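Here's the structure, in structure tokens; my notes come after.
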DNA sequence: AATATTCTTGACATATTTTGACCTTCATGC
DNA sequence: GCATGAAGGTCAAAATATGTCAAGAATATT
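Residue numbers (full-length UniProt numbering), protein chains in the order written: chain B, 1 to 159; chain D, 1 to 159.
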């Protein structure tokens, strides 16, 4: 069973494909009408599915002639990719957040499945060492794991 | 006598076979119902049997329309390669020996440049953490680093 | 026989989706 | 200017999934 959120996500992605554009403009109310849902559902879809981590930027304007603009981000140069990494690997990530990030990066083809698997094996091993040898609390382990991911992704960004 | 965990493991594997797919999607509660067990038993099976080290990636999402997705990344004919790994990652390696091994694997096209870079960045970071946080002597760090390489290569041998 | 490891269970914690009531912003006509 | 109506935004509750953790039971190892 596909959720409403997934349907709307696919619809928006199909609009982007169809226009073979990196950008589309929507009316929130109209889109909500298409799916027979409440307008704020659209906000939820945007906030959960069209995030920078997934490679999108969303702009909007209220008031008369208001709109929602969805932009697919293209990472062209090394500089762009490094900044992007800094943006999406922000603060300290829990293992769950880390796994989700890796999944998203694979979906965007910024990581291969092998690279993702390697990283998961390594993160598990490092975590195991930190807990069983050094009895480190979860928060400290998350700090180290996050920094590891940050460094790896940065190093890959420049290749 | 087969344990519940083993039964569930076989059942999931059979689902993957049956669909001849590299991926299945489950509902934790439903699967628990099939075996008349507690839902968290499913987590135990996933954590102990469907690890990246064994060639699986597990993704999941909580909440409404939640799911558990199991991705198989393993192929057949693994035995030889595993033995080979045991041979080449023998004993404890120094950082120099490790780098030479990784370079060699890249030249033989068993690792890509990106994968080798990932590993080198990770090994350097782990070593740094072990020194600066825990003041571990060199031979202990080499043990950990060697084990890390062994695990990663084993999991890659499966893929 | 004693100890260590793995398995099983259940109480409790956390995350996601959907909906609706209420808030904020802005272009436009007067 | 400024009131108005037409946008989009925020927040919280309810429903519904999965995750975590620890204790006890079952098995394996020494």
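All C-beta atoms, glycine included, are put in the ideal place defined by N, C-alpha and C. Here the structure is a predicted model, which means the values were calculated and not measured.
query: CA-to-CA distance, residue 132(D) to residue 142(D), given in whole angstroms; result: 15 Å
query: CA-to-CA distance, residue 45(B) to residue 5(B), given in whole angstroms; result: 6 Å
query: Under 9 Å from the C-beta of residue 148(B): neighbouring residues of chain D; result: 121, 122, 125, 126 and 129
query: Below-9 Å beta-carbon distance, residue 89(D) vs any chain B residue; result: no
query: Candidates 156(B), 69(B), 150(B) and 110(B), of which the one nearest residue 98(B) by Cα; result: 150(B)
query: Through-space distance from residue 16(D) to residue 120(B), alpha-carbon basis; result: 21 Å
query: Chain-ordered chain B contacts of residue 117(D) [CB-CB under 8 Å]; result: 155, 156 and 159
query: Cβ neighbour criterion (16 or more within 10 Å) applied to residue 76(D); result: Note that residue 76(D) scores 49 on pLDDT, short of 50, meaning its location in the model is unreliable; the coordinates nonetheless yield the value given after this. Flag for residue 76(D) reads exposed.
query: 8 Å contact criterion, which residue 57(D) and residue 71(D) should meet: CB distance rounded; result: 4 Å
query: Residues that residue 3(B) contacts on chain D, provided the C-beta gap is smaller than 9 Å; result: 64 and 65
query: Whole runs of the alpha helix (DSSP H) within the segment 8 to 85 of chain B, excluding any shorter than 4 residues; result: 28 to 34 and 39 to 49
query: Reference residue 24(D), options 2(D), 41(D) and 73(D), closest by Cα; result: 73(D)
query: Within chain D, partners of residue 152(B) - CB distance below 7 Å; result: 118, 121 and 122
query: Assigned secondary structure, residue 90(D) (DSSP; H/G/I helix, E/B strand, else coil); result: coil
query: is_contact[residue 76(D), chain B] using C-beta, thresh 9 Å; result: Because the pLDDT of residue 76(D) is 49, which lies under 50, any placement of that residue in the model is unreliable, and the question is left without a value.
query: Under the three-state DSSP convention, the category residue 95(D) falls into; result: helix
query: Any non-hydrogen atom of the ligand COA within 8 Å of residue 73(B) CB; result: Looking for the ligand COA in the displayed structure turns up nothing, as the structure carries no ligands at all.
query: Residue nearest to residue 160(B) in terms of C-alpha spacing, selected from 63(B), 19(B), 126(B) and 3(B); result: Nothing can be reported for residue 160(B): it is not among the residues displayed for chain B, which extend from 1 to 159.
query: Spatial distance of residue 30(B) from residue 146(B) (CA atoms); result: 40 Å
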